[in-house]
Amino acid sequence: MAKRLLPESFGFYSVLTDPITGYAYLTSLLVDYGVSVVQLRMKGAPKPLVIDTALQMRKITEGTNTLLIINDDPHIAVEVGADGVHIGQGDMPYTDARAIVGDDMLIGVSTHNLGQTISACQLPADYIGVGPVFATPTKKIPDPVIGIDGMREMLSASTVPAVAIGGINLENLPDVLNAGAKNFCMVRQLTRSENPRSVLEEILRY
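Sequential numbering from 90 applies to the sequence shown in our numbering.
Here it is in structure tokens:
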């Protein structure tokens, strides 16, 4: 399986954490609408449950234009045949993750300040997350908010595709895009909606 690289600009990057309409339904929706990336993020969930969910999502995304990324665990990414793994600053080092997944899988790296952005690009990560742009409740121990100005500075320094993340919603998304973000992540507005199709259609207007 050859690595499927992300373009510099691909728009919406979806992260699924406890979607109220279910992982399978929402993954199918994302595939139907041609969303480039879906990441499975099940912090603290039992490993067998994560693997089972990831396998369901792999079955849905296989052979489509939607890449499947697994959060945190390169071993699970390999086991389910995902397209990549995303690691945070406190997770396994990039070199260790790369040794596990090999050269044909994407590795994304979260960055929270300018120094981390530069370091991640030098690894080189296949793409980076830049944030949190705004305050977000999705992490038990949140990283310091970088704000629009911090995001702009980090995006300018990035030499790989970059995704703005953290507290982004339909209300503040125009500010994020106007500040130069080409790609963005929105979690709760989609996953907590009982009508995710309507939300997704709004997101994809941008």
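Using N, Cα and C, we set each Cβ at its ideal position, and we do this for glycine too.
| Asked | Found |
| --- | --- |
| Contact belief for Tyr-216 with Val-252 at Cβ below 8 Å, rounded distance in angstroms | 7 Å |
| Identity of the residues DSSP links to Ser-103 by a beta bridge | Val-127 |
| Host alpha helix (DSSP H) of Phe-209 (start-end) | The residue asked about is misnamed: residue 209 is Ala in this sequence, not Phe. Residues 203–211. |
| Start-to-end residues for the beta strand (DSSP E) that takes in Gly-218 | 216–219 |
| Counted within 10 angstroms of its Cβ, other Cβ atoms place Tyr-112 as buried (16 or more) or exposed | buried |
| C-alpha distance - Pro-182 paired with Val-126, whole-angstrom precision | 22 Å |
| Identified DSSP bridge partners for Leu-334 | Residue 334 is absent from the structure shown; the chain starts at 90 and stops at 295. |
| Backbone CA spacing between Gly-179 and Asn-267 [nearest angstrom] | 30 Å |
| Thr-110, DSSP secondary structure in three states | coil |
| Cβ-based burial, Ser-172 [other Cβ within 10 Å; buried from 16] | Inspection of the sequence shows that residue 172 is occupied by Asp rather than by Ser. It counts as buried. |
| Status (buried if at least 16 other CB within 10 Å, exposed otherwise) for Ala-209 | buried |
| Same chain, Cβ closer than 8 Å to Leu-138, five either side skipped, listed in chain order | Met-131 |
| Straight-line gap, Asp-121 to Gln-278 (C-alpha atoms, nearest Å) | 19 Å |
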